[in-house]
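**Q** Going by my numbering, the sequence shown opens with residue 1421, and the numbers climb by one from there.
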Amino acid sequence: MTFSEKLLLIRKQKGLSQEQLAEMLDVSRQSVSKWETQQTLPEPSKLVLISEIFDVSIDQLLKDDLSINEENEITGEAEIIEAIPAVVKLDVMFCTKCGKENRADSAFCGYCGNPFTAFVADRPETGELTKTDMDLAYYKANLQIQQQALHIQQQELEEAQRQTQQQRQQLQLQQKQYDEMMKCPRCGSTSLSGNKKGYGIGKGVVGAIILGGPLGLIAGNIGSSKVVITCMKCGHKFRR
């Protein structure tokens, strides 16, 4: 069965019209019609959605030598094997270009991007690839590249959100510290000086450094009565 025949069959099995499937895929009804009449193929991102909607694998949809019966089961014996140019070892294979280990079903090397050309088991002695095999290998490779790119974009978005949250928390902390600082009631300046015996602005500054905010200024004022504070910016005097 071709992809078009499989799509038409499973869509009808699910009781969906072309319009309903098109709405689920965010495409036009004409696009679905072209897919089912072998005029075009869906782009990789839409193929992934079709696979998820109908709960079938992409291989089931694309391989001409595999069909889907009324029970939505795979029939057919030939299997596409990702191998050349790579050395296959159990469920992994090693890229012949960079030597890195990859999954045996990978369409390309995840480290250097070297494509693994598909061939069909029981290939005639000529060893030549058919156009269908090459199209399928390219389609799968392009699909995996797009999936990898989406994964990277998701990671970048999560990192950006994390950094934004950290910046927001830092700004909130700075705002809190500023709100707690002693300020001139006239101009709002934090450049203040105390002139009563037993209290010095130096003590307040040291206290502010060690204890932070107004607590430091209070520490500088231990053992003294209210202090006359002078604003260094506007000259306003007030008591604390």
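Virtual Cβ for every residue (Gly too), placed ideally from N, Cα, C. Owing to the predicted nature of the structure, the values given are computational and were not obtained by experimental measurement.
Which residue wins for smallest C-alpha separation from LYS1483, given the options GLU1425, PHE1658, GLN1438 and ILE1649?
**A** Within the sequence shown, residue 1483 is the residue found at index 63, counting from 1. Checking every option, the nearest Cα to that of LYS1483 belongs to GLU1425.
**Q** Report the rounded CA-to-CA distance for ALA1569 versus LEU1428, giving the unit in angstroms.
**A** Along the sequence shown, read from residue 1 onward, the residue named residue 1569 stands at position 149. Along the sequence shown, read from residue 1 onward, the residue named residue 1428 stands at position 8. ALA1569 and LEU1428: Cα-Cα distance of roughly 30 Å.
**Q** Since VAL1648 is in the alpha helix (DSSP H), which residue starts that stretch and which ends it?
**A** As a position in the sequence shown, residue 1648 is number 228, starting the count at 1. Taken as a continuous stretch (DSSP letters only), VAL1648 belongs to no alpha helix (DSSP H), being part of the beta strand (DSSP E) at 1648-1651.
**Q** I'd like the span of the alpha helix (DSSP H) that includes GLU1443, first residue to last.
**A** Translated into positions along the sequence shown, residue 1443 becomes position 23. First-last of the alpha helix (DSSP H) with GLU1443: 1438-1445.
**Q** Just to confirm the assignment, what range does the beta strand (DSSP E) spanning GLU1521 have?
**A** Taking the sequence shown and counting its residues from 1, one reaches residue 1521 at position 101. Run containing GLU1521: 1521-1523, per the beta strand (DSSP E) assignment.
**Q** Over what stretch of residues does the beta strand (DSSP E) that includes ARG1659 continue unbroken?
**A** Walking along the sequence shown from the start, residue 1659 turns up at place 239. Element bounds for ARG1659: 1657-1659.
**Q** Assuming PHE1474 and LYS1432 make a contact with CB atoms under 8 Å, what is their CB distance in whole Å?
**A** Sequence index remark: in the sequence shown, residue 1474 carries index 54 (1-based). Sequence index remark: in the sequence shown, residue 1432 carries index 12 (1-based). Actually they do not touch by this definition, with Cβ atoms about 11 Å apart.
**Q** Excluding five sequence neighbours on each side, which residues of the same chain lie with their C-beta closer than 7 Å to the C-beta of VAL1447?
**A** By 1-based counting over the sequence shown, the position of residue 1447 is 27. LYS1466.
**Q** Apart from the five residues on each side of it in sequence, which residues of its chain come closer than 6 Å, Cβ to Cβ, to LEU1563?
**A** Within the sequence shown, the letter at position 143 stands for residue 1563. Taken in chain order, the residues that qualify are PRO1464.
**Q** Smallest Cα separation from CYS1661: which of GLY1655, SER1477 and GLU1576?
**A** In the structure as shown, the chain starts at 1421 and stops at 1660, and residue 1661 therefore has no counterpart that could be examined.
**Q** Buried or exposed, going by whether 16 or more other CB atoms sit within 10 Å of the CB of GLY1519?
**A** Translated into positions along the sequence shown, residue 1519 becomes position 99. Result: exposed.
**Q** Spatial neighbours of LEU1445 within its chain, please: CB distance less than 6 Å, with the 5 preceding and 5 following residues excluded, ordered by chain position.
**A** One-based indexing of the sequence shown puts residue 1445 at position 25. The residues are LYS1466 and LEU1469.
**Q** I'd like the span of the beta strand (DSSP E) that includes LEU1461, first residue to last.
**A** Along the sequence shown, one-based indexing puts residue 1461 at 41. Counting along the chain, LEU1461 falls outside any beta strand (DSSP E), and DSSP gives it neither H nor E.
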